[in-house]
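Visitor:
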Amino acid sequence: MLKVGAKAPVFTADSTKGPVDLGEYVGKQTVVLVFYPGDDTPVCTKQLCALQDNYARLQQKNTAVFGVNPGELGKKQSFAEKFHYDFPLIADEGQKIREAYDVGKILGLFFQQRIVYIIGRDGTILYAKKGNPPVSELLAVIEAHGQ
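Taking the working numbering, the leading residue of the sequence shown gets 822, the next gets one more, and so forth.
(1) Exposed or buried, ILE940, counting other C-beta atoms within 10 Å across all chains shown (16 or more means buried)?
(2) For the candidate residues ASP913, HIS966 and ASN883, whose alpha-carbon lies nearest to that of GLY895?
(3) Along the chain, where does the alpha helix (DSSP H) that runs through LEU959 open and close?
(4) Could you check what DSSP says for GLY952 in three-state terms: helix, strand or coil?
(5) Measuring CA to CA, which of LEU823, GLY859, VAL841 and LYS824 is closest to GLN933?
(6) Thinking just about the alpha-carbon of each residue, which of VAL855, ASP842, ASP907 and VAL847 is nearest to the one in ARG942?
(7) Which residue spans inside the stretch 865-898 form an unbroken beta strand (DSSP E) run of at least 3?
(8) With distances taken between CB atoms, is the gap from VAL855 to LEU843 smaller than 8 Å?
(9) Taking 7 Å as the limit between beta carbons, can you name the residues of its chain near ALA834, skipping five residues before and five after?
(10) Let me make sure I understand the geometry here. Which of LYS926, ASP907 and MET822 has the alpha-carbon closest to that of ALA871?
(11) Any chance you could list the alpha helix (DSSP H) runs of at least 4 consecutive residues sitting entirely within the stretch 911-941, in chain order?
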(Lines of atoms letter the chains of each structure in order from A; the text may use other names.)
(Lines give C-alpha, C1' and ligand atoms only; values in the text may rest on other atoms or scores of the structure.)
Protein backbone atom coordinates (compact mmCIF):
# COMPACT_ATOMS: atom_id res chain seq x y z
CA MET A 822 0.00 0.00 0.00
CA LEU A 823 1.31 3.45 -0.85
CA LYS A 824 1.98 5.78 2.06
CA VAL A 825 0.39 9.14 2.79
CA GLY A 826 2.54 11.84 1.18
CA ALA A 827 3.60 9.64 -1.75
CA LYS A 828 3.04 10.88 -5.28
CA ALA A 829 -0.03 9.17 -6.76
CA PRO A 830 0.71 7.29 -9.98
CA VAL A 831 -1.29 8.58 -12.94
CA PHE A 832 -2.83 6.19 -15.44
CA THR A 833 -5.24 5.90 -18.33
CA ALA A 834 -7.80 3.11 -18.51
CA ASP A 835 -11.22 2.20 -19.83
CA SER A 836 -14.20 2.63 -17.53
CA THR A 837 -17.96 2.38 -17.46
CA LYS A 838 -18.06 6.11 -18.34
CA GLY A 839 -15.45 5.98 -21.12
CA PRO A 840 -11.68 6.44 -20.99
CA VAL A 841 -10.24 7.86 -17.75
CA ASP A 842 -6.94 9.73 -17.59
CA LEU A 843 -6.15 10.36 -13.92
CA GLY A 844 -3.64 13.02 -14.97
CA GLU A 845 -6.57 15.18 -16.10
CA TYR A 846 -7.84 15.37 -12.49
CA VAL A 847 -4.56 16.22 -10.76
CA GLY A 848 -4.46 19.93 -10.02
CA LYS A 849 -8.20 20.28 -10.49
CA GLN A 850 -10.01 17.87 -8.17
CA THR A 851 -9.54 15.66 -5.16
CA VAL A 852 -9.84 11.99 -6.13
CA VAL A 853 -11.25 9.06 -4.14
CA LEU A 854 -9.81 5.88 -5.63
CA VAL A 855 -11.46 2.69 -4.35
CA PHE A 856 -9.77 -0.62 -5.07
CA TYR A 857 -12.41 -3.30 -4.50
CA PRO A 858 -12.13 -7.08 -4.97
CA GLY A 859 -15.14 -7.97 -7.12
CA ASP A 860 -18.04 -6.64 -9.13
CA ASP A 861 -21.54 -7.37 -7.81
CA THR A 862 -20.39 -9.04 -4.58
CA PRO A 863 -22.06 -8.21 -1.24
CA VAL A 864 -19.37 -6.13 0.52
CA CYS A 865 -18.23 -4.41 -2.68
CA THR A 866 -21.82 -3.53 -3.54
CA LYS A 867 -22.36 -2.11 -0.03
CA GLN A 868 -19.15 -0.05 -0.25
CA LEU A 869 -19.87 1.39 -3.69
CA CYS A 870 -23.55 2.03 -2.89
CA ALA A 871 -22.45 4.06 0.17
CA LEU A 872 -20.29 6.16 -2.14
CA GLN A 873 -23.19 6.56 -4.56
CA ASP A 874 -25.50 7.60 -1.69
CA ASN A 875 -22.99 10.36 -0.83
CA TYR A 876 -21.89 11.16 -4.36
CA ALA A 877 -23.58 14.59 -4.46
CA ARG A 878 -21.78 15.58 -1.23
CA LEU A 879 -18.46 14.41 -2.66
CA GLN A 880 -19.07 16.38 -5.86
CA GLN A 881 -19.83 19.48 -3.78
CA LYS A 882 -16.32 19.06 -2.35
CA ASN A 883 -14.92 19.02 -5.92
CA THR A 884 -14.08 15.33 -5.57
CA ALA A 885 -14.04 12.69 -8.31
CA VAL A 886 -14.71 9.06 -7.38
CA PHE A 887 -13.43 5.96 -9.18
CA GLY A 888 -13.82 2.27 -8.43
CA VAL A 889 -11.00 0.01 -9.68
CA ASN A 890 -10.58 -3.73 -10.10
CA PRO A 891 -9.24 -6.08 -12.75
CA GLY A 892 -12.65 -7.44 -13.82
CA GLU A 893 -13.78 -7.13 -17.42
CA LEU A 894 -15.49 -3.94 -18.56
CA GLY A 895 -18.72 -5.69 -19.61
CA LYS A 896 -19.28 -7.05 -16.11
CA LYS A 897 -18.55 -3.63 -14.62
CA GLN A 898 -21.03 -2.02 -17.00
CA SER A 899 -23.88 -4.31 -15.89
CA PHE A 900 -22.88 -3.87 -12.21
CA ALA A 901 -22.84 -0.05 -12.59
CA GLU A 902 -26.20 -0.04 -14.37
CA LYS A 903 -27.80 -2.37 -11.83
CA PHE A 904 -26.94 -0.04 -8.93
CA HIS A 905 -27.03 3.28 -10.88
CA TYR A 906 -23.46 4.31 -10.07
CA ASP A 907 -22.81 7.84 -11.32
CA PHE A 908 -19.05 7.45 -10.95
CA PRO A 909 -16.84 5.35 -13.26
CA LEU A 910 -15.77 1.80 -12.52
CA ILE A 911 -12.34 1.28 -14.06
CA ALA A 912 -11.26 -1.96 -15.73
CA ASP A 913 -7.67 -2.56 -14.61
CA GLU A 914 -6.76 -4.90 -17.42
CA GLY A 915 -3.30 -6.33 -16.87
CA GLN A 916 -3.52 -5.14 -13.24
CA LYS A 917 -1.03 -2.33 -13.86
CA ILE A 918 -3.02 0.17 -11.77
CA ARG A 919 -3.22 -2.27 -8.84
CA GLU A 920 0.54 -2.81 -9.04
CA ALA A 921 1.31 0.93 -9.33
CA TYR A 922 -0.74 1.56 -6.16
CA ASP A 923 0.83 -1.41 -4.35
CA VAL A 924 -2.53 -3.10 -3.81
CA GLY A 925 -1.90 -6.70 -2.77
CA LYS A 926 -3.87 -9.87 -3.36
CA ILE A 927 -6.13 -11.78 -0.98
CA LEU A 928 -7.45 -15.34 -1.03
CA GLY A 929 -4.41 -16.67 -2.80
CA LEU A 930 -4.07 -14.86 -6.08
CA PHE A 931 -7.73 -14.43 -6.99
CA PHE A 932 -8.82 -11.05 -5.61
CA GLN A 933 -7.14 -7.72 -4.97
CA GLN A 934 -7.24 -6.14 -1.53
CA ARG A 935 -9.84 -3.54 -0.59
CA ILE A 936 -8.00 -0.21 -0.24
CA VAL A 937 -9.25 3.37 -0.40
CA TYR A 938 -6.96 6.24 -1.38
CA ILE A 939 -7.69 9.95 -1.37
CA ILE A 940 -5.47 11.90 -3.73
CA GLY A 941 -5.12 15.63 -3.16
CA ARG A 942 -5.21 18.20 -5.92
CA ASP A 943 -1.42 18.37 -5.69
CA GLY A 944 -1.22 14.72 -6.75
CA THR A 945 -0.10 13.29 -3.40
CA ILE A 946 -1.81 10.63 -1.32
CA LEU A 947 -3.75 12.29 1.52
CA TYR A 948 -5.30 9.09 2.87
CA ALA A 949 -4.70 5.36 2.47
CA LYS A 950 -6.66 2.73 4.32
CA LYS A 951 -7.41 -0.95 3.89
CA GLY A 952 -10.98 -2.12 4.29
CA ASN A 953 -14.27 -0.30 3.93
CA PRO A 954 -14.02 3.03 5.79
CA PRO A 955 -17.27 4.96 6.17
CA VAL A 956 -17.86 7.75 3.67
CA SER A 957 -18.11 10.18 6.61
CA GLU A 958 -14.43 9.45 7.32
CA LEU A 959 -13.51 10.17 3.71
CA LEU A 960 -15.45 13.44 3.77
CA ALA A 961 -13.74 14.45 7.03
CA VAL A 962 -10.30 13.90 5.46
CA ILE A 963 -11.27 15.88 2.35
CA GLU A 964 -12.59 18.75 4.50
CA ALA A 965 -9.58 18.68 6.87
CA HIS A 966 -7.25 19.14 3.91
CA GLY A 967 -9.27 22.01 2.52
CA GLN A 968 -9.83 20.11 -0.66
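Backbone N, C-alpha and C fix where the C-beta goes; we use that ideal spot for every residue, glycine too.
Guide: With the structure as the only source:
(1) buried
(2) ASP913
(3) 956-965
(4) coil
(5) Nearest C-alpha to GLN933: GLY859.
(6) VAL847
(7) 884-890
(8) Result no, Cβ atoms of VAL855 and LEU843 do not sit closer than 8 Å.
(9) VAL841, ILE911, ALA912, ASP913 and ILE918
(10) ASP907
(11) The qualifying runs are 917-921.
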